[in-house]
Amino acid sequence: MNYLELVRLALPEIILTVSALAVLAIGLVNNRVPGFCSGLAAAGLLFAAAAVLQLPPQAVLSQGMLVVSPLNSLFQIVCLALAFFTVIVARPERLANSGEYLALVLLATVGLLLLIGSEELLMIFIGLELTGLSLYVLTAFDRTNQQSAEAGLKYFLFGSVASAFTLFGISLLYGLTKTTTLSAIGPQLAGHPLPPLLLVGIIMTLFGFAFKVAAAPFHLWAPDTYQGAPVSAAAFIASGSKVASFVVLAKILRTALHEVPGSAAWHALAGGWSPVLAALAALSIIVGNFTALAQRNVRRLLAYSAVAHAGYTLLGLIAHSTEGFSATLFYTTIYGLTLVGAFGVVAFVRRENGGDDLADFAGLSQRSPLLAGCMAIFILSLAGLPPLAGFFGKFYLFSAAFRAAPDQGLLWLVALALFGSLISLYYYLIILKAIFLDDSNTSGFAFRPDFLQRITLTVFAGAVLFLGVAPEALVNRILACLV
Amino acid sequence: MIAWTIYLTFAGAILLLFLPRALTRWVALLTAASGFVIAFAAFFFRDGDFGHFTTIVRVPWVPALGMEYHLAADGISLTMALVTGLTAVCAVLFSWRVEERPNEFFFWLLLVVGGSYGVFLSADLFLFFVFYELVIVPKYFLIAIWGSTNKEYGAMKLTLYSFLGGALVFIAILAAYTTAGSLDLQQLARFQFPAPLQHWAFPVLFLGFAILAGIWPLHTWAPTGHVAAPTAGSMLLAGIVMKLGAYGALRVAMNLFPLGFAEWSKWIAVLAVIGIVWAAAVALRQNDLKFVIGYSSVSHMGFVLLGLAAANSLGVSGAVLQMFSHGVIGALLFALAGVIYYRTHTRNLNDLATLGLSRTMPFVAFAFVVASAASLGIPGFSGFAAEITILLGVWKVFPVVVAITGVGMVLVAAFTLRAMRKTFFSDAARLTTTVAVTPPITFAEKSGASLLLLATLGVGLDPKLLLDRIQPAVEAMRFLQP
């Protein structure tokens, strides 16, 4: 292995690590310059993004441990953008020890880049762990808030169990195929009937990812984490971590396990990973949507709706076609953008009102039309209404699933997802009702988001609108990467 | 040219968000009026045939998925665009007094109007569905913020019903799209879908649309929503939104799946006729003026569905004519109910009966009498022309149904006359002294009402004006029974 080559290909990760260490050091030396730390972290993210753009189009190092491809680069950029926004949201949160906090965000981002950039099971596991460990700490970071500690502990306990499952699954896959490289696993599985042990290995591996994307019944950490963690950490967990997990899951299914999909069609059930995912998706859609109906806290509501959205997103993977993978990747990206924007608004309301229950959003439209308008765009996109990105995303996902199996075999899942969307419209409208209809119960002074917040929120809302009106900007890029 | 109705309306809507309050209603009126003028010009001065769904604009949108920005128009869509423009102008005129957050009010109102133009002019299934779903949320805000009686419940119910309809439509659209591999309505209208697919996809699609058209037994959103909505909201609901469903049923459901339609048409007729009689009977027992008109809307939309079920040129043309006619009459009745409510603060028929409104509001009384006459099908008004055309068409296919519909028409006459008598000509009023109405009826209201009266009278006297343009388009559709 050529070390120069390694440095060249891993430059984004190296830049991020260096800036993380620098931010950490500055934070330790002088705790009164949080603005400088944020600036440094943001600069590190920008430089890393520039480094990603400088990578060669295709390269593979040591049997897939580090892979550079258009797809990987695209989603590394997406994750860097989401991390960038996290840093901006974190800035006004006024957490103690912001240097450590930002360093952890950067380290989690390194984990995400490694996760996306490797096509080898062990490296994927290391990426998962690096991201996970950083995020556990981020969740528990708000020492003034008891909920934050509770959320951190829950996230950690569930997360470590899920990691154990994944590692066990990976070990079974390795035992059966004698390799951990994704592209080498595929041919090994071809042409044999599905051995039961392999099925166990696949299911175990999938469970780990189901935990990461908060699919039911592995979602129990999500509500507490979304509600208790510092808002920026919650936004990052809900967006960046989820996007990366879906990308990796899609790659594993596409390159390693494409020979054993099985079938989730109602008239032709067959063993493999797709019935497992279908069960997870169906359960997520039902549990997520019905539980969200009962929530009065916006962050908790968004958490349960995230469970439902994980279910929708899985539909594209179950479809097991290029179109389906592209739909999943498109949807998870726009979902990440939307949710991170919504959390930006939540962070602001929380800072001004000291809470994020529905009541705290009452009368937002009078106090800040801009925040209310952006939130309306994010929420309506989540609900899947045109002309926003969520609408096109759902159309794309559902049409891919519909087309996948012969004789509309996945119709049951599509119908269930549409039924779930119907339920979700109710609780999304409840949020909008609070914002636009209800009168503010606190004093009616106007909110004044600062310039940077206004710009970032407008950009995210604009992106959600733009990707709804002109989705081909992203779809074509993803499709080009998938061929 | 006609495509500008969409662009101007949306541009006006967005512009409104940034204007000072004083300008809003004028800009809204200007936007609505320009849309109407364009639709009017396109309808009456367009040379070329009305029989073909002629492409106006066609640009690739998402080529990877075969989506196009494709607009087209024929006699049916132009008729619907015309009634949309007319209702929009009158809805703005009757909302002249909206004081609470007028910018947002007219923004949402114009979004409904613009989306409706879009639905009527789309020739791409995805584009159609985008516009169709776009209309849902503005309705929620219009009702929930500016509505009256039980507004949040009414708004949520209406929105969820619309979305449920949308979800059913979505499933069937996916079925059509994935089977035919195209989203172009003209291509799909020529594609032979396999019979088993049509067998299940047609009822799903039709029901999805028919929910918005107020089909029995999924009509209950309509009266609740109409009552909860502000005056302009009710006018839009009755005048335009219910037509979106009927139009979708005609343009998409029936035209794409003719075999499925042939199989299910008798069931549609049954549901339609139950709707006509049921809603009329329920209207007879209502004491809220808006509930009476709301149920009458359901009853009249039953005629539209019945005409569609006839599946012959007369029945379907009559149905389109009835969409226009009910759009005008329904909007007028709701507008007048709004005018009365604004002055008297009550819509209870028994309370109104004591007020002697025929003397204090002569213009409103006159307009209401004419609208009622049009509504119950007196010759000379558009309602008569439409319903007689429908019944002639249905007679050839389901003679029994026509007989039952007769019962419904008697009930319609009964509840309309009852509402009219109680509101304006009650005996109880003779005993009380009348007080002058404050504030007086405004010029805006008078001109809006006159415009609608003129439309129903004009079409009633010369239905060929519309029918000549509707019929060729209907005859070009492939589901027609010979």
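One line per chain: the protein sequences are A and B, in this order. Residue 235 in this note's numbering sits at position 235 of the first sequence, and the numbers go up by one each step. Residue 1050 in this note's numbering sits at position 50 of the second sequence, and the numbers go up by one each step. Ideal placement from N, C-alpha and C gives every residue a C-beta, glycine not left out. Keep in mind that this is a model prediction, so the values were computed, not measured.
Contact with chain A by V1119 (chain B), beta-carbon distance below 8 Å: Along the second sequence, one-based indexing puts residue 1119 (chain B) at 119. Not closer than 8 Å to any Cβ of chain A, the Cβ of V1119 (chain B) fails to qualify, so no.
Closer than 8 Å at the beta carbon, the chain A residues around A1064 (chain B): Indexing the second sequence from 1 puts residue 1064 (chain B) at position 64. Within 8 Å Cβ-Cβ: E472, V475, N476, L479.
Exposure of L53 (chain A), with buried meaning 16 or more beta-carbon neighbours within 10 Å: For this step, residue 53 (chain A) is matched to residue 53 along the first sequence. Burial call: exposed.
Local Cβ density within 10 Å of M1001 (chain B), reported as buried at 16 or more and exposed below that: The residue given as residue 1001 (chain B) occupies position 1 in the second sequence. Per the 10 Å Cβ criterion, exposed.
CB of L1183 (chain B) within 8 Å of CB of A1003 (chain B), strictly: Counting from one through the second sequence, the residue named residue 1183 (chain B) turns up at place 183. Counting from one through the second sequence, the residue named residue 1003 (chain B) turns up at place 3. Result no, Cβ atoms of L1183 (chain B) and A1003 (chain B) do not sit closer than 8 Å.
Alpha-carbon spacing of T1178 (chain B) relative to L411 (chain A), whole angstroms: Start at 1 with the first residue of the second sequence, and residue 1178 (chain B) comes out as number 178. Start at 1 with the first residue of the first sequence, and residue 411 (chain A) comes out as number 411. Taking the straight line from one Cα to the other gives about 12 Å.
Under 8 Å (Cβ pairs) to chain A, residues found in the stretch 1140-1159 of chain B: Y1140, F1141, A1144, I1145, E1152, M1156, T1159
Straight-line gap, S381 (chain A) to A1309 (chain B) (C-alpha atoms, nearest Å): The residue labelled residue 381 (chain A) in the question sits at position 381 within the first sequence. The residue labelled residue 1309 (chain B) in the question sits at position 309 within the second sequence. Cα to Cα, S381 (chain A) sits roughly 37 Å from A1309 (chain B).
Neighbour-count burial assignment, T1055 (chain B), 16 or more Cβ in a 10 Å radius: Counting from 1 along the second sequence, the entry for residue 1055 (chain B) is found at position 55. With fewer than 16 Cβ atoms within 10 Å of its Cβ, T1055 (chain B) is classed as exposed.
L80 (chain A) versus L1168 (chain B) - alpha carbon distance: Here residue 80 (chain A) is taken as the residue at index 80 of the first sequence, counted from 1. Here residue 1168 (chain B) is taken as the residue at index 168 of the second sequence, counted from 1. The alpha-carbon atoms of L80 (chain A) and L1168 (chain B) are separated by roughly 39 Å.
Cβ-Cβ separation, G1225 (chain B) to G1327 (chain B) (assumed contact under 8 Å), whole Å: Within the second sequence, the letter at position 327 stands for residue 1327 (chain B). Within the second sequence, the letter at position 225 stands for residue 1225 (chain B). With a Cβ gap of about 16 Å, G1327 (chain B) and G1225 (chain B) do not count as contacting.
CA nearest to the CA of V1397 (chain B), picked from B:V1270, B:G1458, B:G1075: In the second sequence, residue 1397 (chain B) corresponds to position 397, counting from 1. Answer by Cα proximity: B:V1270.
Contact under 8 Å by Cβ, F1036 (chain B) with P1258 (chain B): Within the second sequence, residue 1036 (chain B) is the residue found at index 36, counting from 1. Within the second sequence, residue 1258 (chain B) is the residue found at index 258, counting from 1. Result no, Cβ atoms of F1036 (chain B) and P1258 (chain B) do not sit closer than 8 Å.
Where A1175 (chain B) meets chain A, residues with beta-carbon distance less than 9 Å: Position 175 of the second sequence, counted from the first residue, corresponds to residue 1175 (chain B). The answer, in chain order, is F402, Q408, L411.
Where H1345 (chain B) falls: helix, strand or coil (DSSP): To locate residue 1345 (chain B), count along the second sequence from 1; it is residue 345. The answer is coil: DSSP assigns H1345 (chain B) none of H, G, I, E or B.
Nearest-angstrom beta carbon gap, L104 (chain A) and S134 (chain A) [assumed within contact, 8 Å]: Sequence index remark: in the first sequence, residue 134 (chain A) carries index 134 (1-based). Sequence index remark: in the first sequence, residue 104 (chain A) carries index 104 (1-based). About 5 Å; that satisfies the 8 Å criterion.
Beta-bridge partners of N297 (chain A), as assigned by DSSP: Within the first sequence, numbered from 1, the residue matching residue 297 (chain A) stands at position 297. Answer is A:D357.
Cut-off 8 Å between Cβ atoms - residues of its own chain near G1275 (chain B), not counting five sequence neighbours on either side: Translated into the one-based positions of the second sequence, residue 1275 (chain B) becomes position 275. The answer, listed in chain order, is G1214, I1215, W1216, H1219, V1298, S1299, M1301, G1302, L1305.
Counterpart residues of E1068 (chain B) in DSSP-defined beta bridges: Counting from one through the second sequence, the residue named residue 1068 (chain B) turns up at place 68. Per DSSP, B:P1060.
Buried/exposed call for F1045 (chain B), threshold 16 Cβ in 10 Å: Locating residue 1045 (chain B) in the second sequence gives position 45, counting from the first residue. Looking at its Cβ environment, which holds fewer than 16 other Cβ atoms inside 10 Å, F1045 (chain B) is exposed.
Outcome for T1354 (chain B) when other beta-carbon atoms lying within 10 angstroms are tallied against a minimum of 16: As a position in the second sequence, residue 1354 (chain B) is number 354, starting the count at 1. Exposed, because fewer than 16 other Cβ atoms sit within 10 Å of the Cβ of T1354 (chain B).
Reduced DSSP category for A1229 (chain B) - H, G, I as helix; E, B as strand; rest coil: As a working note, residue 1229 (chain B) is residue 229 in the second sequence. DSSP places A1229 (chain B) in coil when its eight states are reduced to three.
The stretch 309-328 of chain A in contact with the stretch 349-366 of chain A per 3-pair CB rule at 8 Å: no
Minimum Cβ-Cβ distance from P56 (chain A) to chain B less than 8 Å: On the first sequence, position 56 is the one that residue 56 (chain A) refers to. It does not: the Cβ of P56 (chain A) has no partner Cβ on chain B nearer than 8 Å.
S263 (chain A) - partner residues in DSSP beta bridges: Translated into the one-based positions of the first sequence, residue 263 (chain A) becomes position 263. DSSP lists A:A270 as partners of S263 (chain A).
Stretch-stretch touch, CB-based, cutoff 8 Å, three pairs: the stretch 250-262 of chain A with the stretch 284-293 of chain A: no
Members of the stretch 1251-1265 of chain B that neighbour chain A once the beta carbon cut-off is set at 9 Å: none
Exposure label - E1099 (chain B); buried when at least 16 CB within 10 Å: Taking the second sequence and counting its residues from 1, the one referred to as residue 1099 (chain B) is at position 99. Exposed, since its Cβ has fewer than 16 Cβ neighbours within 10 Å.
Distance between A238 (chain A) and Q227 (chain A) (C-alpha atoms, nearest Å): The residue given as residue 227 (chain A) occupies position 227 in the first sequence. The residue given as residue 238 (chain A) occupies position 238 in the first sequence. Each residue's alpha carbon lies about 11 Å from the other.
Neighbourhood of L1244 (chain B) by C-beta, 7 Å cutoff - its chain only, sequence neighbours within 5 removed: Taking the first residue of the second sequence as position 1, residue 1244 (chain B) is located at position 244. Correct list, in chain order: S1116, V1119, Y1132, V1135, L1212.
Cα-Cα separation, L1093 (chain B) to I1470 (chain B): Here residue 1093 (chain B) corresponds to residue number 93 of the second sequence, with the count starting at 1. Here residue 1470 (chain B) corresponds to residue number 470 of the second sequence, with the count starting at 1. For L1093 (chain B) and I1470 (chain B), the distance between alpha carbons rounds to 28 Å.
Where N30 (chain A) falls, given that 16 or more other Cβ within 10 Å makes a residue buried: For the purposes of this step, residue 30 (chain A) is taken as the residue at position 30 of the first sequence. With fewer than 16 other Cβ atoms within 10 Å, it is exposed.
Touching by the beta-carbon criterion (3+ pairs, under 8 Å), the stretch 67-87 of chain A and the stretch 36-43 of chain A: yes
Chain B residues whose Cβ lies nearer than 8 Å to that of Y426 (chain A): Translated into positions along the first sequence, residue 426 (chain A) becomes position 426. Under the 8 Å cutoff, chain B gives M1156, L1160.
Residue-level contact to chain B via CB, A342 (chain A), 8 Å cutoff: Counting from one through the first sequence, the residue named residue 342 (chain A) turns up at place 342. Not closer than 8 Å to any Cβ of chain B, the Cβ of A342 (chain A) fails to qualify, so no.
Residues of its chain near S1313 (chain B), where Cβ-Cβ distance is below 7 Å and the 5 sequence neighbours each way are ignored: Taking the first residue of the second sequence as position 1, residue 1313 (chain B) is located at position 313. Within the same chain, S1313 (chain B) has close Cβ partners Q1471, V1474, E1475, L1480.
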